[in-house]
Amino acid sequence: MIGFLAFSVSRAWQGFWRNVAMSLAATATMTLMLLLLAGFFIVQNGLLAALSFVEQKVEVEADLRDTATAVEIADLEGRIEALPEVREVTYISKEEALRRFQEARAAQGEEDLTRYLDSNPLHASLQVKLRDPTDFGTVMDLLRADPAVERVKNITDLVDRVVTVTDFLRTAGLAILAVIGAIVLFIIINTIRLAVVGRAEEIEVMRLVGASDAFIRWPFVFEGALVGLLGAVITLATIAAMAEPLGAFMFDFFRVLPIRVGAIARDVSLLVLGSGLGLGIAGAWISVRTYLIR
Amino acid sequence: MTSTIVERTSVPDALLQPTEPGRRDLLVLNDVTKRFPNGREALRDVDLVIPEGDFVFLVGPSGAGKSTLMKLIIRDELATSGEVYLDGENLARLPRRRVPHVRRKIGTVFQDFKLLPTKTVRENVAFALEVTGTPRGRIGPAVERALRHVGLSQQAEQFPRQLSGGEQQRTAIARALVHDPRLVIADEPTGNLDPLISWEIIQLLLRINELGVTVLMATHDADIVTALRKRVVALEEGRVIRDELGGGYHRRG
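Okay, here's the thing in structure tokens:
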């Protein structure tokens, strides 16, 4: 077994270097395809982050009665927070609401009208952020039923519109990713098939002298894995080299998005390594199969 | 020199009746027909018995079925009907994983040599042992022996392109011999060589035969066949039309 493995690996290594032009062409194709795949995967991630950023803007807002006591409010807040679909509950006091209103006016360059008032007309409120913007039903019912609540803003129409757009963009992104994935799959498998076909003579001799299927198949599979691994490493190195300048350029864009760079780096590495190795091996396996004993 | 015409129809159940007492039948084709998916019949009702140690010429025009017959013997193709037995094993019943083992009993030689251009003579011969999982220690001596046998020990480190046609074919024969095969099948081994070199190759095959290896050689070379007076099997349109001991290339009379 050890001898067989050593044989396969050393033959794969020899095969790679004895047809170095073909091997490098296959590696280059592999690299370009993986770059395409990884590039689009990153764009897709950005898109998804942007979509959830938009969706998070949707929140259920309940104005509280001025008569509600701190205990009642804390109790309501606790019950809302305990709901599984709720991500975060924020209490906005009357004073905070007034401050925000003043800030918004100032930001628009409008006159501060509140100073003509002798009391604060704004209500304290609870702002509820949801995990899924369409899941507002229970929260709204619970808020409406509570005596401390004066009014719940109806967000049904807004949610409908936002979700229609985000769902469409999600589906489109996934479809494009799938199409690119399929293109990458076919091109890589075809490239490796060409490399294998270029060695048809060698495979024929192996068959004639009585080499078993395993002895014919595994050197090619290891060679495919080598091409895949090399392509993946070059791809990741390229992405890593480009990440810094590109990241600086996109900083403002990314800063507002709820994006976790660490998680994406890990996902991209896994995707590139997995696809490179997987496609290299699958391509070799499929291509060699044609030549094995029928 | 006497010659006997073997009536095809007189071959009864080939397996039950050895040709000569004391000699085993190495290759037996029993009523073999090969029809390709496109409907063409390459072989029709072929009966053929080759005892161990024979030297047999397979003659006939192009397209008569010689190459198909060879492919059936190495189980590259399966017979549509009838049976092919090699060393007592029915090739049609052979499990897939046993196929390589049966092929190691056969050495194959072709008109186009089928040498790997990136390997030296020694590497080409050793390749046959490496890819069949032979332990390293046994490969070196076996390769030396095969090269000595064909007289190429001096050229062991050269590449095929540096060799003459005859030397390339001798390399191919060394590769065919390195497994110690029971049967050597040679498909037009002299087809690309001039007459003098052809004779060299034939002498080599005869010597191998004298060592007890059965040889089946397909050829168009009438001079060689007629001069040697060995057993001749003639194919035409997929049928065996003649099977005689000590025959010439052409039918007499």
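These protein sequences, in sequence, are chains A and B.
Quick note: the first sequence uses the working numbering, first residue 45, plus one each step.
Quick note: the second sequence uses the working numbering, first residue 27, plus one each step.
Here a beta-carbon is modelled for each residue, glycine too, at the ideal position from N, C-alpha and C.
Computed from a predicted model, the values in this text were never measured in an experiment.
I want to verify the contact list: residues of chain E whose CB lies under 9 Å from the CB of B/H175, in sequence order. The chain labelled as chain E is not found among the protein chains of the depicted structure, namely A and B.
key: Every unbroken beta strand (DSSP E) inside the segment 184-254 of chain A [3 residues or more]   = 193-196
A/L252 touches chain B at which residues, Cβ-Cβ below 8 Å?
I100, R129, T134 and K140
Report task. Could you round the C-beta distance between B/V241 and B/I250 to whole angstroms and report it? I think they count as a contact, below 8 Å. Result -> Not confirmed; about 13 Å, so no contact.
*Leaving out five residues before and five after A/E248 in sequence, what residues of the same chain have Cβ atoms less than 8 Å from its Cβ?*
Y335
How many angstroms separate the CA atom of A/V130 from the CA atom of A/L238? 55 Å
So what does DSSP say about B/E214, is it helix, strand or coil?
coil
- Message: Taking a contact to mean a Cβ-Cβ separation below 8 Å, would you say A/I283 touches A/V312 in this structure?
- Response: yes
**Report entry** Cutoff 8 Å: A/V64 Cβ touching any chain B Cβ
**Finding:** no
Next item on the list: Just the C-alpha distance for B/H246 and B/P87, rounded to the nearest angstrom, thanks.
Entry: 8 Å
> Of all the CB atoms in chain A, is at least one closer than 8 Å to the CB of B/L52?
Replying inline: no
- For chain A, find out if any of its Cβ atoms is closer than 8 Å to the Cβ of B/F153; answer yes or no. yes
| request: Alpha carbon to alpha carbon, how far is A/A151 from A/I162? Give it in angstroms, no decimals. | output: The sequence shown places Asp at residue 162 of chain A, not Ile. Computed Cα separation, rounded: 23 Å.
Separation of A/L229 from A/V223, as counted between CA atoms:
10 Å
Notebook entry, point to check: Within 10 angstroms of its Cβ, does A/F266 collect 16 or more other Cβ (buried), or is it exposed?
Noted result: buried
Exercise. Give the secondary structure of A/P165 by DSSP, where H, G and I count as helix, E and B as strand, and everything else as coil.
Key: coil
Let's test the definition: count the other Cβ atoms within 10 Å of the Cβ of A/D201 and tell me whether it reaches 16, buried, or not, exposed.
exposed
**Asked** To the nearest angstrom, how far is it from the Cα of B/K145 to the Cα of B/E156?
**Response** 13 Å
Original post:
Between the beta-carbon of A/R109 and the beta-carbon of A/E194, is there less than 8 Å?
Top reply: yes
Report yes or no: do three or more beta-carbon pairs, one from the segment 177-187 of chain B and one from the segment 63-78 of chain B, lie closer than 8 Å? no
ask   = So what's A/I284 in DSSP terms, helix, strand or just coil?
value = Note on residue identity: the sequence assigns Ala, not Ile, to residue 284 of chain A. Of the three classes helix, strand and coil, the one that applies to A/A284 here is helix, per DSSP.
Next item on the list: Measure how close the beta-carbons of A/A242 and A/I325 come, nearest whole angstrom, since I'm counting them as under 8 Å.
Entry: Note on identity: in this sequence residue 242 of chain A is Gly, with Ala being the wrong assignment. Contact doesn't hold; Cβ gap of about 18 Å is too wide.
So which residues on chain B does A/F51 lean against when the C-beta distance must stay under 9 Å?
E156, V157 and G159
Just by C-beta distance, which residues in the segment 238-270 of chain A are closer than 8 Å to chain B? E245, E246, E248, V249, M250, R251, L252, V253, G254, A255, S256, D257, F259 and I260
ask   = Assuming A/Q171 contacts A/E105 under a Cβ cut-off of 8 Å, what Cβ separation, rounded to an integer in Å, is found between them?
value = 5 Å
Tell me the residue span of the beta strand (DSSP E) that contains A/L95.
Unbroken run through A/L95 is the alpha helix (DSSP H), V64 to Q100; no beta strand (DSSP E).
Fill in: chain B contact residues for A/F48, given Cβ-Cβ distances below 8 Å
G159
- Query: Since A/E245 and B/K97 are thought to touch, with beta carbons under 8 Å apart, how far apart are those beta carbons, to the nearest angstrom?
  - Reply: Actually they are not in contact, since the Cβ atoms of A/E245 and B/K97 sit about 17 Å apart, beyond 8 Å.
Notebook entry, point to check: Near B/G191, what residues of its chain come up, given a Cβ to Cβ distance below 7 Å and the 5 sequence neighbours on each side ignored?
Noted result: N218, L219 and I223
- Query: With which residues is B/S107 paired in a DSSP beta bridge?
  - Reply: B/T59
Q) Does any CB atom of chain A fall closer than 8 Å to the CB of B/R196? A) no
Q. Once you ignore the five residues that flank B/Q194 on each side, which residues in its own chain have a CB closer than 7 Å to its CB?
A. F139, L141 and P186
Exercise for the section: Using a threshold of 8 Å, state whether the C-beta atoms of B/L117 and B/L261 are closer than that. Expected result: no
Margin query: Using C-beta distances below 6 Å, list every residue in its chain close to B/S107, excluding the 5 sequence neighbours before and after it, in chain order.
Written below: T59
Measure the C-alpha to C-alpha separation of B/F153 and A/L68 and round it to an integer number of angstroms. 25 Å
task = On the DSSP bridge assignment, give the partners of B/A260 in chain order.
result = B/V85 and B/R268
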